[in-house]
Amino acid sequence: MEDEGYISAFRSFEGEVYENYIYEKLLRYAANEPRIKSFIIKGPHKHRTRAQSDALSVSWKGQIIYRARHKEIGEFDGLLFTDKELYFVEMTLVKSVSNLKKRLRKKRALLEVLFPRYNVKALLVLNEGATGTSDLPPYASVWLTKPYSARHILERLSSKSERAPMIRIESSKIAHAEELKVAAFKYYATLSWMLRSLRGKDPIDLEFFRRAATQRYHDIYTKVYVGYLAVEDFKILAPDLSWNGSNASRVVVAIEKDHSGGYFLTYFVRHSSKKLDNVVLGSGGSKVAKKDPFGITLTEMNHLDKVMDDTFLLTLEQHTKLENVLSKLTH
Numbered sequence: 180m181e182d183e184g185y186i187s188a189f190r191s192f193e194g195e196v197y198e199n200y201i202y203e204k205l206l207r208y209a210a211n212e213p214r215i216k217s218f219i220i221k222g223p224h225k226h227r228t229r230a231q232s233d234a235l236s237v238s239w240k241g242q243i244i245y246r247a248r249h250k251e252i253g254e255f256d257g258l259l260f261t262d263k264e265l266y267f268v269e270m271t272l273v274k275s276v277s278n279l280k281k282r283l284r285k286k287r288a289l290l291e292v293l294f295p296r297y298n299v300k301a302l303l304v305l306n307e308g309a310t311g312t313s314d315l316p317p318y319a320s321v322w323l324t325k326p327y328s329a330r331h332i333l334e335r336l337s338s339k340s341e342r343a344p345m346i347r348i349e350s351s352k353i354a355h356a357e358e359l360k361v362a363a364f365k366y367y368a369t370l371s372w373m374l375r376s377l378r379g380k381d382p383i384d385l386e387f388f389r390r391a392a393t394q395r396y397h398d399i400y401t402k403v404y405v406g407y408l409a410v411e412d413f414k415i416l417a418p419d420l421s422w423n424g425s426n427a428s429r430v431v432v433a434i435e436k437d438h439s440g441g442y443f444l445t446y447f448v449r450h451s452s453k454k455l456d457n458v459v460l461g462s463g464g465s466k467v468a469k470k471d472p473f474g475i476t477l478t479e480m481n482h483l484d485k486v487m488d489d490t491f492l493l494t495l496e497q498h499t500k501l502e503n504v505l506s507k508l509t510h
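Following the working numbering, the numbering of the sequence shown begins with 180 at its first residue and continues without gaps.
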């Protein structure tokens, strides 16, 4: 029986093979489809360049990405342009697409900011049998492929079989990510503007929160920061948390969207310079997820340390009021 480590590694390998295989098919389709005016080239078809900040580019791994300063905040399997529409492509072997909604919202919102004149849509390429497709948003289209296995690819690679020569696609529609002009998007300046605008009223400015532009940025960041709680107050809300060895000076509070159309509060506890926990409170107690010490959320914490002064402190009374407000909202 194959061990779990091998199975996990093989699934990751199979997912990458599937993505590369579909991308090759997609290139040939795009080159010959009259409605498609241009498409981004990546992978082995693209000469390696350095990833750029505050711009679309192709990473050294061959992926189409968008970076804020030096942190990646968006990755796209493919980008196709028509006269009025921009399609971002998601190729995956997942058995259920229910958990893709948050990712789709984030990618669409980012592209809407970068390319405001285009109607941004999603194209999902999935295996037959994938569930949840009927619950996808109206902007998402689905193409289904026959059941796929990369077992034969692994066997060929393992046996060091002779490889077929690569066929490069030649087309006047080829576009290079780094040459595209995108609208200005200042990631951290926008983060500060959102924070200050939301706290313009007590506990938050609801009119600002519900604006389409605010919700678009909410999808990009996946959460919006609204202030912070004193550690002693948070201990009252989460008495089951362990604080051993913690140097946390405050607990940052943010609003997230849930999968059912509502909102909830999430908390960030920075115990040390590289140790950051994301805490969600529920009826069963506190759920803690450790954040990547080199991820974008930690750099957001560094930024908030500079801009979030004492005026952003939330009392327990304000916290309760905020919970009550959010419980009545939907997205």
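For each residue, glycine too, the CB sits at the ideal point set by N, CA and C. For clarity, every value in this text was computed on a predicted model and none was experimentally measured.
**Residue closest to residue 393, alpha-carbon to alpha-carbon, out of 206, 510, 184** = One-based indexing of the sequence shown puts residue 393 at position 214. Its Cα nearest to that of residue 393, the residue 510 stands out among 206, 510, 184.
**Request:** In angstroms with no decimal places, state the Cα-to-Cα distance between residue 286 and residue 344.
**Result:** Position 107 of the sequence shown, counted from the first residue, corresponds to residue 286. Position 165 of the sequence shown, counted from the first residue, corresponds to residue 344. If I take the Cα positions, the gap works out to 34 Å.
**Stretch-stretch touch, CB-based, cutoff 8 Å, three pairs: the region 229-243 with the region 348-360** = Three or more Cβ pairs closer than 8 Å define a contact, and the region 229-243 meets that threshold against the region 348-360.
**Request:** Would you kindly check if the distance between the Cβ of residue 300 and the Cβ of residue 327 is under 8 Å?
**Result:** In the sequence shown, counting from the first residue as 1, residue 327 sits at position 148. In the sequence shown, counting from the first residue as 1, residue 300 sits at position 121. Contact flag unset, no.
**Asked** If we call anything under 8 Å between Cβ atoms a contact, is residue 267 one with residue 290?
**Response** Counting from one through the sequence shown, the residue named residue 267 turns up at place 88. Counting from one through the sequence shown, the residue named residue 290 turns up at place 111. In this structure, the beta-carbon distance from residue 267 to residue 290 falls below 8 Å.
**Message:** To the nearest angstrom, how far is the alpha carbon of residue 313 from that of residue 305?
**Reply:** The residue you call residue 313 lines up with position 134 of the sequence shown. The residue you call residue 305 lines up with position 126 of the sequence shown. Linking residue 313 to residue 305 through their CA atoms gives a straight-line distance of about 13 Å.
**Message:** Which same chain residues end up closer than 7 Å to residue 402 when comparing Cβ atoms and leaving out the 5 residues on each side of it in sequence?
**Reply:** As a first step, residue 402 is located in the sequence shown; it is residue number 223 there, counting from the start. Excluding positions up to five away in sequence, the list reads 433, 434, 435, 445.
**Request:** Put residue 185 into one of helix, strand or coil per three-state DSSP.
**Result:** By one-based count along the sequence shown, residue 185 stands at place 6. Residue 185 falls in the helix class under three-state DSSP.
**Asked** The alpha helix (DSSP H) with residue 332 in it runs from where to where?
**Response** Position 153 of the sequence shown, counted from the start, is the residue given in the question as residue 332. Counting along the chain, the alpha helix (DSSP H) containing residue 332 begins and ends at 330-337.
**Asked** What alpha helix (DSSP H) runs, 4 residues minimum, are completely inside the region 477-509?
**Response** Runs found: 495-505.
**Item:** Reduced DSSP category for residue 287 - H, G, I as helix; E, B as strand; rest coil
**Value:** Along the sequence shown, read from residue 1 onward, the residue named residue 287 stands at position 108. Three-state DSSP puts residue 287 in a helix.
**Asked** Is it true that the CB of residue 254 sits closer than 8 Å to the CB of residue 243?
**Response** Along the sequence shown, read from residue 1 onward, the residue named residue 243 stands at position 64. Along the sequence shown, read from residue 1 onward, the residue named residue 254 stands at position 75. In contact: residue 243 and residue 254 (Cβ atoms closer than 8 Å).
**Close beta carbons around residue 282, own chain, < 8 Å, minus the five adjacent residues each side** = In the sequence shown, counting from the first residue as 1, residue 282 sits at position 103. Same-chain partners within the cutoff: 269.
**Asked** Once you ignore the five residues that flank residue 330 on each side, which residues in its own chain have a CB closer than 6 Å to its CB?
**Response** Counting from one through the sequence shown, the residue named residue 330 turns up at place 151. Contacts found: none.
**Prompt:** Touching or not, the region 335-349 and the region 207-226, by the rule of three or more beta carbon pairs under 8 Å?
**Reply:** Taking 8 Å as the limit for Cβ pairs, the verdict is that the region 207-226 does touch the region 335-349.
**Asked** Rounded to whole angstroms, how far is the Cβ of residue 410 from the Cβ of residue 431, which I believe are closer than 8 Å?
**Response** To locate residue 410, count along the sequence shown from 1; it is residue 231. To locate residue 431, count along the sequence shown from 1; it is residue 252. Going by Cβ atoms, the distance from residue 410 to residue 431 rounds to 11 Å, so no, they are not a contact pair.
**Message:** Please state the DSSP three-state secondary structure of residue 294.
**Reply:** Sequence index remark: in the sequence shown, residue 294 carries index 115 (1-based). DSSP places residue 294 in coil when its eight states are reduced to three.
**Request:** Look at the alpha carbon of residue 439 and the alpha carbon of residue 453, and state the distance between them as a whole number of angstroms.
**Result:** Translated into the one-based positions of the sequence shown, residue 439 becomes position 260. Translated into the one-based positions of the sequence shown, residue 453 becomes position 274. Going from the Cα of residue 439 to the Cα of residue 453 covers about 32 Å.
**Item:** Straight-line Cα distance separating residue 245 from residue 399
**Value:** Mapped onto the sequence shown, residue 399 falls at position 220. Mapped onto the sequence shown, residue 245 falls at position 66. If I take the Cα positions, the gap works out to 12 Å.
**Request:** From the DSSP output, in three-state form, read off residue 414 for me.
**Result:** The residue you call residue 414 lines up with position 235 of the sequence shown. In this structure, residue 414 counts as helix in the three-state DSSP scheme.
**Prompt:** Tell me the DSSP bridge mates of residue 269?
**Reply:** To locate residue 269, count along the sequence shown from 1; it is residue 90. 303, per the DSSP bridge assignment.
**Request:** Classify residue 247 as helix, strand or coil using the three-state DSSP reduction.
**Result:** As a position in the sequence shown, residue 247 is number 68, starting the count at 1. In the three-state reduction of the DSSP assignment, residue 247 falls in the strand class.
**Asked** Which residues in the same chain have their Cβ closer than 7 Å to the Cβ of residue 412, if we skip the five residues on either side of it in sequence?
**Response** By one-based count along the sequence shown, residue 412 stands at place 233. Here the set comprises 495.
**residue 324: first and last residue of the uninterrupted beta strand (DSSP E) it sits in** = What you label residue 324 is simply residue 145 of the sequence shown in a count that begins at 1. Its beta strand (DSSP E) spans residues 319-324.
**Request:** Determine the extent of the alpha helix (DSSP H) in which residue 435 is found, giving its start and end residues.
**Result:** As a working note, residue 435 is residue 256 in the sequence shown. Where residue 435 is concerned, there is no enclosing alpha helix (DSSP H), although the beta strand (DSSP E) it sits in stretches over 430-436.
**Message:** So within the region 373-423, which uninterrupted beta strand (DSSP E) runs reach at least 3 residues, ignoring any that extend past its ends?
**Reply:** Fully enclosed beta strand (DSSP E) runs of 3 or longer: 402-408.
**Asked** Can you tell me whether DSSP reads residue 193 as helix, strand or coil?
**Response** Translated into the one-based positions of the sequence shown, residue 193 becomes position 14. If DSSP states are grouped into helix, strand and coil, residue 193 belongs with the helices.
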